[in-house]
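This report refers to the structure that appears directly beneath it.
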Amino acid sequence: MFFRLSKDATQGNTPLFGSFKIALLYASAATFLGPASMAMHGTHTRFGAWLDNVSMISYILILWIYNLKKLTKFSSRTFFITYLTLLAYYASSYWYLDSGLGIGVDLFELSIGLWIATEVLVKMPNIYGRLLSGLTVLLTQQLFGSSVIDSLQNLQENWEMLLYFIPALIPNLEGGTKRKYTPWFFIGVASFFGALIIWETGVPDHPWCEPDSWLQAHMVWHLLCAAATLSFFNFFRTEKSIKV
Numbered sequence: 006m007f008f009r010l011s012k013d014a015t016q017g018n019t020p021l022f023g024s025f026k027i028a029l030l031y032a033s034a035a036t037f038l039g040p041a042s043m044a045m046h047g048t049h050t051r052f053g054a055w056l057d058n059v060s061m062i063s064y065i066l067i068l069w070i071y072n073l074k075k076l077t078k079f080s081s082r083t084f085f086i087t088y089l090t091l092l093a094y095y096a097s098s099y100w101y102l103d104s105g106l107g108i109g110v111d112l113f114e115l116s117i118g119l120w121i122a123t124e125v126l127v128k129m130p131n132i133y134g135r136l137l138s139g140l141t142v143l144l145t146q147q148l149f150g151s152s153v154i155d156s157l158q159n160l161q162e163n164w165e166m167l168l169y170f171i172p173a174l175i176p177n178l179e180g181g182t183k184r185k186y187t188p189w190f191f192i193g194v195a196s197f198f199g200a201l202i203i204w205e206t207g208v209p210d211h212p213w214c215e216p217d218s219w220l221q222a223h224m225v226w227h228l229l230c231a232a233a234t235l236s237f238f239n240f241f242r243t244e245k246s247i248k249v
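With positions in the sequence shown counted from 1, the corresponding number in the numbering used here is that position plus 5.
Here it is in structure tokens:
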């Protein structure tokens with residue numbers, strides 16, 4: 006990623022995300038996932054677990070905050086303030102309170118939902134996108150085995166589901182962003198959600214969890230996540246601004 010970005014800079018190409026600073030942040034966050042995960046697996050300490058979770062949040066926040074930037078046309082300065090504020094709050098609350106921001110919210114899961122919702126709106130910045138954005142998140146949740154009906158029946162415990170519909174309430178959705186979804190977006194989605202499915206099998210007491218085997222489900226999770234970050238890097242490189 007850094008090599009590609011350096012070539013863009015030296016060749017005078019339009020930077021990824023329209024900003025070399027955001028592009029470098031993406032590459033850095035994707036790279037940070039590796040050593041942070043090593044810290045968790047290699048030390049089995051509280052600090053290692055904290056670093057691992059902070060790295061995942063540092064990456065996933067970029068996807069939906071950047072989409073919000075495209076939908077609202079807020080500045081890169083606002084992007085970084087929003088990003089750093091959320092990341093700093095998560096990092097401190099995870100260390101001093103718990104992994105749920107102190108209010109019982111899994112920011113990683115919430116961010117996945119917000120990324121899906123905002124991606125739908127970037128693709129369709131119109132009434133259809135507004136109607137489909139939150140529903141697409143719920144459909145994805147259902148497809149991955151988490152009953153939407155059960156969650157709605159226990160809304161007091163799952164109130165964060167309502168946040169998936171917030172992006173659709175943006176008053177004036179900005180269009181003019183065109184992305185080529187084939188093949189990199191779909192490769193990235195398949196890699197990421199495939200990794201999530203495999204992750205469920207790489208846990209203690211699961212029949213497929215074999216600690217003495219050289220092939221570990223959790224290892225496949227990491228490889229697929231790496232493939233996903235590179236795929237989304239290539240996907241965002243297809244982005245173009247068009248007149249509407």
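Ideal placement from N, C-alpha and C gives every residue a C-beta, glycine not left out.
Computed from a prediction, not measured in an experiment: that's the story for all the values here.
Exercise. My guess is that Leu168 and Leu229 are in contact by the Cβ rule of under 8 Å, so how many angstroms apart are they, rounded?
Worked result: Contact check for Leu168 and Leu229: beta-carbon distance about 27 Å, past the 8 Å limit, so the pair fails to qualify.
Task: Residue range of the alpha helix (DSSP H) that includes Thr83 - done: According to the DSSP assignment, Thr83 belongs to the alpha helix (DSSP H) that extends over Ser81 to Tyr101.
On a Cα-Cα basis, can you pick out the residue from Ala35, Val125, Val208 and Phe191 that is closest to Leu178? If we check each option's Cα against that of Leu178, Val125 comes out closest.
| At a cut of 8 Å, does the stretch 34–43 reach the stretch 77–92 through at least three beta carbon pairs? | With a cut-off of 8 Å, the stretch 77–92 and the stretch 34–43 do not count as touching, because too few Cβ pairs lie within range.
Can you round the beta-carbon distance between Trp226 and Ile203 to whole angstroms, since I take them to be within the 8 Å contact cut? That pair is a contact at about 5 Å.
- Touch check for the stretch 54–67 and the stretch 22–36: three-plus C-beta pairs under 8 Å? Taking 8 Å as the limit for Cβ pairs, the verdict is that the stretch 22–36 does touch the stretch 54–67.
Practice item. Report the residue from Phe198, Ala41, Gln146 and Pro216 whose alpha carbon sits nearest the alpha carbon of Asn163. Key: Of Phe198, Ala41, Gln146 and Pro216, the residue nearest in Cα terms is Gln146.
Bounding residues of the alpha helix (DSSP H) (the contiguous stretch that carries Ser60): Residue range Arg51 to Thr77 is occupied by the alpha helix (DSSP H) that includes Ser60.
Helix, strand or coil for Ser24 per DSSP?
The DSSP-derived three-state label of Ser24 is coil.
Practice prompt. Could you name the residues that DSSP lists as bridge partners for Ser246?
Written response: Beta-bridge pairing by DSSP links Ser246 to Thr182.
Simplified DSSP assignment, three categories, for Glu205
In this structure, Glu205 counts as coil in the three-state DSSP scheme.
> How is the alpha helix (DSSP H) around His223 delimited, first residue to last?
Replying inline: DSSP places His223 inside the alpha helix (DSSP H), whose first and last residues are Ala222 to Phe241.
**Study point:** Between the CA atoms of Leu10 and Ser24 - distance to the nearest angstrom
**Key:** Pairing Ser24 with Leu10, the inter-Cα distance amounts to about 11 Å.
Give the list of continuous beta strand (DSSP E) stretches no shorter than 3 residues that lie fully inside the stretch 145–189. For the stretch 145–189, not a single whole beta strand (DSSP E) run of length 3 or above is found.
_I need the straight-line Cα distance from Gly181 to Leu136, nearest angstrom please._
It is roughly 20 Å from the alpha-carbon of Gly181 to the alpha-carbon of Leu136.
Asn18, buried or exposed, once every other Cβ within 10 Å from all chains shown has been counted against 16: Flag for Asn18 reads exposed.
**Prompt:** Could you give the distance in angstroms between the alpha-carbon of Met166 and the alpha-carbon of Tyr133?
**Reply:** Distance from the CA of Met166 to the CA of Tyr133, rounded to the nearest whole angstrom, comes to 20 Å.
Discussion item. Taking a contact to mean a Cβ-Cβ separation below 9 Å, would you say Val110 touches Asn72 in this structure?
Written reply: No.
- Task: Taking 9 Å as the cut-off, decide whether the C-beta atoms of Ile65 and Leu30 are in contact.
- Result: No, Cβ-Cβ distance for Ile65 and Leu30 is not below 9 Å.
Which two residues bound the contiguous alpha helix (DSSP H) that contains Thr15?
-> Here the alpha helix (DSSP H) through Thr15 covers Phe7 to Gln16.
- Message: For Val208, which residues in the same chain have their Cβ closer than 7 Å to its Cβ, ignoring the five residues on either side in sequence?
- Response: Taken in chain order, the residues that qualify are Cys214.
message = Can you check which of these residues, Phe190, Leu160 and Gly105, is closest to Arg242 by C-alpha distance?
response = Ranking Phe190, Leu160 and Gly105 by Cα distance to Arg242 puts Phe190 first.
Note to self: Among the candidates Ser81, Phe113, Pro188 and Phe79, whose CA atom is the shortest distance from the CA of Tyr95?
What the structure shows: Measuring from the Cα of Tyr95, the nearest candidate turns out to be Phe113.
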